[in-house]
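*Asks:*
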Amino acid sequence: MAAMVDAKPAASVQGTPLLATATLPVFTRGIYSTKRITLETSSPSSPPPPKPLIIVTPAGKGTFNVILFLHGTSLSNKSYSKIFDHIASHGFIVVAPQLYTSIPPPSATNELNSAAEVAEWLPQGLQQNLPENTEANVSLVAVMGHSRGGQTAFALSLRYGFGAVIGLDPVAGTSKTTGLDPSILSFDSFDFSIPVTVIGTGLGGVARCITACAPEGANHEEFFNRCKNSSRAHFVATDYGHMDILDDNPSDVKSWALSKYFCKNGNESRDPMRRCVSGIVVAFLKDFFYGDAEDFRQILKDPSFAPIKLDSVEYIDASSMLTTTHVKV
Numbered sequence: 001m002a003a004m005v006d007a008k009p010a011a012s013v014q015g016t017p018l019l020a021t022a023t024l025p026v027f028t029r030g031i032y033s034t035k036r037i038t039l040e041t042s043s044p045s046s047p048p049p050p051k052p053l054i055i056v057t058p059a060g061k062g063t064f065n066v067i068l069f070l071h072g073t074s075l076s077n078k079s080y081s082k083i084f085d086h087i088a089s090h091g092f093i094v095v096a097p098q099l100y101t102s103i104p105p106p107s108a109t110n111e112l113n114s115a116a117e118v119a120e121w122l123p124q125g126l127q128q129n130l131p132e133n134t135e136a137n138v139s140l141v142a143v144m145g146h147s148r149g150g151q152t153a154f155a156l157s158l159r160y161g162f163g164a165v166i167g168l169d170p171v172a173g174t175s176k177t178t179g180l181d182p183s184i185l186s187f188d189s190f191d192f193s194i195p196v197t198v199i200g201t202g203l204g205g206v207a208r209c210i211t212a213c214a215p216e217g218a219n220h221e222e223f224f225n226r227c228k229n230s231s232r233a234h235f236v237a238t239d240y241g242h243m244d245i246l247d248d249n250p251s252d253v254k255s256w257a258l259s260k261y262f263c264k265n266g267n268e269s270r271d272p273m274r275r276c277v278s279g280i281v282v283a284f285l286k287d288f289f290y291g292d293a294e295d296f297r298q299i300l301k302d303p304s305f306a307p308i309k310l311d312s313v314e315y316i317d318a319s320s321m322l323t324t325t326h327v328k329v
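Going by UniProt numbering, 33 is the number at position 33 of the sequence shown; the sequence numbering is gapless.
(1) Check whether the region 264–281 and the region 307–317 touch, using three or more Cβ-Cβ pairs below 8 Å as the test.
(2) Given a threshold of 16 other Cβ atoms within 10 Å of its Cβ, counted over all protein chains shown, does Asp248 qualify as buried or as exposed?
(3) Take Gly60 and list the residues in its own chain whose beta-carbon comes closer than 6 Å to its own, dropping the five residues that flank it on each side.
(4) Could you tell me the boundaries of the alpha helix (DSSP H) in which Val118 lies?
(5) Pairing CB atoms from the region 47–67 with CB atoms from the region 255–266, are three or more of them under 8 Å?
(6) Would you list the one or two residues that DSSP bridges to Val281?
(7) So Val253 is in the alpha helix (DSSP H); what residue range does that whole segment cover?
(8) How do the region 85–97 and the region 277–287 stand: do at least 3 beta-carbon pairs fall below 8 Å, yes or no?
(9) Compare the Cα-Cα distances from Arg148 to each of Phe162, Pro97, Gln98 and His71 and report the closest residue.
(10) Just to confirm my understanding: we take Pro47, look at its own chain, exclude 5 residues before and 5 after, and list those with CB closer than 8 Å. What are they?
(11) Helix, strand or coil for Glu314 per DSSP?
(12) Can you grab the Cα-Cα spacing for the pair Ser81 / Ala119, in whole Å?
(13) Quick check: the Cα distance between Ser42 and Val253, rounded to an integer number of angstroms?
(14) Output needed for Phe288: all residues of its chain with C-beta closer than 8 Å, excluding positions within five of it in sequence on either side, in chain order.
(15) Looking at the structure shown, is Arg36 part of a helix, part of a strand, or coil, going by DSSP?
(16) Could you check what DSSP says for Leu203 in three-state terms: helix, strand or coil?
(17) Hey, quick one: how far does the alpha helix (DSSP H) through Ile210 stretch, first residue to last?
(18) Is Pro97 near the ligand GTP, in the sense that its beta carbon is under 7 Å from a heavy atom of that ligand?
(19) Note down the Cα distance separating Pro52 from Leu39, rounded to an integer number of angstroms.
(20) Within the chosen definition, does the region 288–298 reach the region 153–172 through at least 3 CB pairs nearer than 8 Å?
(21) Whose C-alpha, out of Ile54, Gln151, Cys227 and Ala136, is nearest the C-alpha of Lys78?
(22) Between Tyr100, Asp295, Ile316 and Ser312, which lies nearest to Thr23 when the distance is taken from Cα to Cα?
(23) Once you ignore the five residues that flank Thr201 on each side, which residues in its own chain have a CB closer than 6 Å to its CB?
(24) Note down, in chain order, each residue of its chain lying with its Cβ closer than 6 Å to the Cβ of Ala20, except the 5 sequence neighbours on either side.
(25) So what does DSSP say about Thr152, is it helix, strand or coil?
(26) To the nearest whole angstrom, what separates the beta carbons of Pro73 and Pro105, a pair I think is in contact under 8 Å?
(27) Is the CB-CB distance between Lys228 and Ser189 below 8 Å?
(28) Hey, Val171 and Ala218 are a contact pair by Cβ (cut 8 Å); roughly how many whole angstroms apart?
(29) Helix, strand or coil: which one does DSSP assign to Ser139?
(30) In terms of DSSP beta bridges, what is His146 paired with?
(31) Taking the beta strand (DSSP E) that Ile184 belongs to, which residues open and close that run?
(32) Determine the closest residue to Leu203 out of Phe223, Asn133, Arg36 and Phe262, with distance taken between C-alpha atoms.
(33) Identify whether Asp274 lies in helix, strand or coil by the three-state DSSP scheme.
(34) How long is the line joining the alpha carbons of His146 and Ala214, rounded to whole angstroms?
(35) For Ala3 and Thr134, what's the separation of their Cα atoms in angstroms?
Here's what the structure looks like:
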């Protein structure tokens, strides 16, 4: 029988949850200055990247683990600059390819193959493009994706032995029965045992135009529930929408329009949402990559430390299958 870990709900006044007055270091900018590097497929590096990409890296001396980030549907990789900078400032190298630019997007299979080409480029191509004295640990890579890029991240993890997978409001189509190809939600469970974190949004399932951007039956809950052999965490950002992790005003016009008008957005500033998402990612990877569990376990025990309201937090430790944390606030 699974044992319940003590879960501390947020304090409330007349039923309204309050955020903690203190915060955790992961929700603020880290100790490293960062450097942004842009590479084109015509780069003189050998081999050149198979897709244009952005690298955001700590500028200091050291060896840092790598996050391969996959953008959302028809969005620019430049639209996530605030999140990239926050994560890199805590000692991670973010590699974000531009897998495609078209509307409508290519087939999900073609997108997956493009992401696979970038993953295969990392061991030979990344290091030579980093600042002097900055080393990439490509033996332990996390793959992270937003929206449709979340589905690609999970599909890529089924193909390769990544160190962890992170889904930011992942989407696998308009429903279970109209999923993308490959339709990974047709699987009862995902055949991997790497640690997983899934961050969903409360407004992702609310339609603004024709359909919701993260509809029920093909959203974050479905991805989390299929990670049956993995240590896995699930967070839901109650008052925010599918595009609220992007920059306030993406420089790419297409991304700006999709960000502002296509999906249901929250009414509050995006900055706390971006800091929350970035902080959870940093805390999760510090735990599973470096063995520093303090911040991640603190968020699981008391989600009011996050800069936004988290509707529910669930964590299952697959190493023992004896620990389940479930918080409703």
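Where is the CB? At the ideal position from N, CA and C, for every residue including glycine.
*Replies:* In terms of the structure at hand:
(1) yes
(2) The residue given as residue 248 occupies position 248 in the sequence shown. Exposed: under 16 other Cβ atoms inside 10 Å.
(3) The sequence position of residue 60 within the sequence shown is 60, counting from 1. For Gly60, where only same-chain residues beyond five positions count, the Cβ hits under 6 Å are Tyr32.
(4) Residue 118 sits at position 118 when you count from the first residue of the sequence shown. Ala108 to Gly125 is the extent of the alpha helix (DSSP H) around Val118.
(5) no
(6) By one-based count along the sequence shown, residue 281 stands at place 281. BP columns for Val281 are empty, so no partner.
(7) Working through the sequence shown from its first residue, we reach residue 253 at position 253. From DSSP, the alpha helix (DSSP H) with Val253 extends over Val253 to Ala257.
(8) yes
(9) Taking the sequence shown and counting its residues from 1, the one referred to as residue 148 is at position 148. Comparing Cα positions, the closest option is His71.
(10) Here residue 47 corresponds to residue number 47 of the sequence shown, with the count starting at 1. Closer than 8 Å at Cβ, skipping near neighbours: Trp121, Gln124 and Gly125.
(11) Against the sequence shown, residue 314 aligns to sequence position 314. Glu314: strand per DSSP, three-state reduction.
(12) Locating residue 81 in the sequence shown gives position 81, where the first residue counts as 1. Locating residue 119 in the sequence shown gives position 119, where the first residue counts as 1. Approximately 21 Å, taken between the alpha carbons.
(13) On the sequence shown, position 42 is the one that residue 42 refers to. On the sequence shown, position 253 is the one that residue 253 refers to. Each residue's alpha carbon lies about 24 Å from the other.
(14) In the sequence shown, counting from the first residue as 1, residue 288 sits at position 288. Excluding residues within five positions, the ones whose Cβ falls inside 8 Å are Gly163, Ala164, Pro195 and Ser231.
(15) As a first step, residue 36 must be located in the sequence shown, where it is residue number 36. Of the three classes helix, strand and coil, the one that applies to Arg36 here is strand, per DSSP.
(16) Walking along the sequence shown from the start, residue 203 turns up at place 203. Looking at Leu203 - three-state DSSP - the assignment turns out to be coil, as it is neither helix nor strand.
(17) Working through the sequence shown from its first residue, we reach residue 210 at position 210. That residue, Ile210, is in no alpha helix (DSSP H); it is neither H nor E in DSSP.
(18) No copy of the ligand GTP appears in this structure; indeed no ligand is present at all.
(19) By one-based count along the sequence shown, residue 52 stands at place 52. By one-based count along the sequence shown, residue 39 stands at place 39. Their Cα atoms are separated by approximately 6 Å.
(20) yes
(21) Here residue 78 refers to the residue found at position 78 of the sequence shown. Cα-wise, what sits closest to Lys78 is Ile54.
(22) Here residue 23 refers to the residue found at position 23 of the sequence shown. With distances taken between Cα atoms, Thr23 lies closest to Asp295.
(23) Start at 1 with the first residue of the sequence shown, and residue 201 comes out as number 201. Closer than 6 Å at the Cβ level, and outside the excluded window around Thr201, lie Asp169, Ala237, Tyr240, Gly241 and His242.
(24) For the purposes of this step, residue 20 is identified with residue 20 of the sequence shown, where counting begins at 1. Here the model assigns Ala20 a pLDDT of 46, short of 50, so the residue's position is not dependable, and the following value carries that caveat. Contacts found: Ser304 and Phe305.
(25) Translated into positions along the sequence shown, residue 152 becomes position 152. Of the three classes helix, strand and coil, the one that applies to Thr152 here is helix, per DSSP.
(26) Residue 73 sits at position 73 when you count from the first residue of the sequence shown. Residue 105 sits at position 105 when you count from the first residue of the sequence shown. Going by the sequence as given, residue 73 is Thr instead of Pro. Confirmed, Cβ separation roughly 6 Å.
(27) As a working note, residue 228 is residue 228 in the sequence shown. As a working note, residue 189 is residue 189 in the sequence shown. Against a cut-off of 8 Å, the Cβ pair of Ser189 and Lys228 comes out as a contact.
(28) Start at 1 with the first residue of the sequence shown, and residue 171 comes out as number 171. Start at 1 with the first residue of the sequence shown, and residue 218 comes out as number 218. Rounded, the Cβ-Cβ distance is 6 Å, consistent with contact.
(29) Residue 139 sits at position 139 when you count from the first residue of the sequence shown. Residue state, collapsed to three classes: strand.
(30) On the sequence shown, residue 146 is found 146 positions in, with the first residue counted as 1. Its beta-bridge partners are Leu168.
(31) Taking the sequence shown and counting its residues from 1, one reaches residue 184 at position 184. Looking at the DSSP string, Ile184 is not in any beta strand (DSSP E), and its letter there is neither H nor E.
(32) To locate residue 203, count along the sequence shown from 1; it is residue 203. Nearest C-alpha to Leu203: Phe262.
(33) For this step, residue 274 is matched to residue 274 along the sequence shown. In the sequence on display, residue 274 carries Arg and not Asp. In the structure shown, Arg274 sits in a helix (DSSP, three-state: H, G or I).
(34) Counting from 1 along the sequence shown, the entry for residue 146 is found at position 146. Counting from 1 along the sequence shown, the entry for residue 214 is found at position 214. Approximately 11 Å, taken between the alpha carbons.
(35) For the purposes of this step, residue 3 is taken as the residue at position 3 of the sequence shown. For the purposes of this step, residue 134 is taken as the residue at position 134 of the sequence shown. For Ala3, the pLDDT reaches just 29, beneath the cut-off of 50, and the residue's location in the model is therefore unreliable, although a value from the coordinates is still provided. Approximately 43 Å between the Cα atoms of the pair.
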